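Q: In terms of this note's numbering, the sequence shown is residues 48 to 277.
Below you will find the structure I want to go over with you.
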Amino acid sequence: MMATGRAGPMKAEIQSVIFDLDGLLLDTELIFRRVDSEAYAIYGGVVTDELRQQALGLTHEAKDQLFVNRLGLPVLPEAMSQLRAKMLEEEFRLAELMPGAGSLVATLTSSSVPLAVASSSTAAAIRLKLQRHQTITASMSAMVGCDHPRVALPKPAPDIFLAAAFELGVDPRHCLVFEDAPSGVEAAVAAGMWVVAVPDPALPPHPALAHAHQLLLSLLAFEPTDWGLA
């Protein structure tokens, strides 16, 4: 399933691959849904799918700012972030890999492709979420979070992907990004990178996904040879 007719780049162009984390490498979306629903219900809030989609790719703080303001709840966004962080910590330790994530990372690693994670989570949260998946952690040359010194603005700003390219020592034009969130696709495009979008099929299509160079239903459908990566 491809979003556009644009062909992949020539083999020599892709020198590194950057992965988003939540909903792309890790199946954390159901965890977020459950915790969001439980936390916001305490204050009488109902988190809809439309609201969830607007928050895709945002930092946790920005997400709570959005939710609290839209729902008009009697709680400070900072307090909600602290509450959700406590609820999420134990849940994250149980997060499973998305279908195809492990095999794709293994294939790229065996081909000596430099890899990185670029996530709207903090670096500490990234390590926590990947605690059960040390093979993935060991395969990454860099893991860049929202607290990286080169990240001033969250997605859809390009900062986080540019920071990952910097850590990898690769020109952004030679990076391939895997993203599930519309804001992440926009961020990667703004960074001048190639983008493969793997959106959540449970959410309605978003116009930003049309900017991806390839659109897949699952990481299982990705063919590294199409991009000269195997």
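Yeah, the Cβ is synthetic: ideal placement off N, Cα and C, and Gly gets one too.
None of the values given here were measured: they were computed from a predicted structure.
What residue from 211, 151, 79 and 190 has the CA that sits closest to residue 272's CA?
A: Nearest of 211, 151, 79 and 190 to residue 272, Cα basis: 151.
Q: Who are the near neighbours of residue 50 in its chain, counting only those whose CB is closer than 7 Å to its CB and skipping five residues on each side?
A: Here residue 50 scores only 43 on pLDDT, less than 50, and its place in the model should not be relied on; the value that follows carries that caveat. 244, 256, 257, 259, 261 and 262, listed in sequence order.
Q: Of all the options 225, 77 and 127, which has the alpha carbon lying nearest to the alpha carbon of residue 147?
A: Looking at the Cα atoms, 225 is the closest of the given residues.
Q: Under the rule that 16 or more other beta-carbon atoms within 10 Å means buried, what is residue 59, buried or exposed?
A: Because residue 59 sits at a pLDDT of 48, beneath the cut-off of 50, its placement in the model cannot be relied upon, and the following sentence gives the value as read from the coordinates. The residue is exposed, with fewer than 16 neighbouring Cβ atoms inside 10 Å.
Q: Within a Cβ cutoff of 7 Å, which residues of the same chain sit near residue 86, ignoring the five residues on either side of it in sequence?
A: Hits under 7 Å: 127, 130, 131 and 134.
Q: CB-CB under 8 Å to residue 204, same chain, minus the five flanking residues each way: which ones, in chain order?
A: Counting only Cβ-Cβ distances below 8 Å, and skipping sequence neighbours, we find 234 and 237.
Q: Do residue 145 and residue 74 come within 7 Å of each other at the CB atom, strictly closer than that value?
A: In contact: residue 74 and residue 145 (Cβ atoms closer than 7 Å).
Q: Would you kindly work out how many angstroms separate the C-alpha atoms of residue 95 and residue 88, rounded to a whole number?
A: Approximately 12 Å, taken between the alpha carbons.
Q: Output yes or no for whether 7 Å exceeds the beta carbon distance between residue 154 and residue 277.
A: It is a contact, given that the beta carbons lie within the stated cut-off.
Q: Give the straight-line distance between the Cα atoms of residue 219 and residue 189, rounded to the nearest whole angstrom.
A: Near 15 Å, if we compare the C-alpha coordinates of residue 189 and residue 219.
Q: Looking at the secondary structure, which residues open and close the beta strand (DSSP E) in which residue 34 lies?
A: The chain is shown from 48 up to 277; residue 34 falls before or after that span and cannot be answered.
Q: Examine the Cβ distances between the region 107 to 123 and the region 156 to 165 and report whether three or more of them are shorter than 8 Å.
A: Flag = no, the region 107 to 123 and the region 156 to 165 do not touch.
Q: In the DSSP assignment, what residue or residues form a beta bridge with residue 123?
A: None; residue 123 has no bridge partner.
Q: In terms of alpha-carbon separation, which member of 159, 143 and 76 lies closest to residue 181?
A: Residue 143 is the option with its Cα nearest to residue 181.
Q: Got a sec, what are the start and stop residues for the beta strand (DSSP E) residue 63 sits in?
A: Looking at the DSSP string, the run of the beta strand (DSSP E) that includes residue 63 is 63 to 66.
Q: Which of the three DSSP states, helix, strand or coil, is assigned to residue 261?
A: Strand.
Q: Along the chain, where does the beta strand (DSSP E) containing residue 163 start, and where does it finish?
A: Segment 162 to 165, the beta strand (DSSP E) holding residue 163.
Q: Per DSSP, which one or two residues make a beta bridge with residue 226?
A: In the DSSP output, where bridge partners are listed per residue, residue 226 has 244.
Q: How would you call residue 70, buried or exposed, if buried means at least 16 neighbouring beta carbons within 10 angstroms?
A: Per the 10 Å Cβ criterion, buried.
Q: From the beta carbon of residue 102, is the nearest beta carbon of chain C less than 7 Å away?
A: Of the protein chains in the structure, only one exists, and it is not chain C.
Q: Would you list the residues sitting across from residue 74 in a DSSP beta bridge?
A: Beta-bridge pairing links residue 74 to 143.
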